[in-house]
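In our numbering, the protein residues as written are 9 to 96.
Structure, as structure tokens:
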Amino acid sequence: MVMWQLWEERNSRLWDGNSNTHVEIIHAAACNYSEWDKAQKPRNSTCYSSVVVSCLAWHPPPVGRRKLNVDALFPRFVAIGYWDGSTR
């Protein structure tokens, strides 16, 4: 999913002149993975362990205020996690 998102980012920068931060790219990949993971599960399954990903748009803080955005990714079968944050 990350490679797909990187390819989309490359095309967006090349053809549309748009660019995203590395946090936005990883977040979009996690959202894509979450949607894919949900599609792999049977609808009537009673044993369902879902990936929780919040796919919300960023909004700037009110004038005179600062906003801290953080995000984390902890893959299931890897003993390492990723986190990042930004202040605006």
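Ideal placement from N, C-alpha and C gives every residue a C-beta, glycine not left out.
Contact check, residue i vs residue j, beta carbons under 8 Å
i	j	result
valine 10	aspartate 79	no
leucine 76	threonine 95	yes
Distance between residue j and residue i (C-alpha atoms, nearest Å)
i	j	result
lysine 49	proline 83	18 Å
tryptophan 23	isoleucine 33	17 Å
asparagine 26	leucine 14	13 Å
proline 69	glutamate 16	28 Å
alanine 36	histidine 67	16 Å
glycine 93	serine 42	21 Å
threonine 29	lysine 46	26 Å
Residue nearest to residue i in terms of C-alpha spacing, selected from the options
i	options	result
tyrosine 90	Val71, Ala38, Trp44 and Ala65	Ala38
asparagine 40	Trp12, Gly72 and Ala87	Trp12
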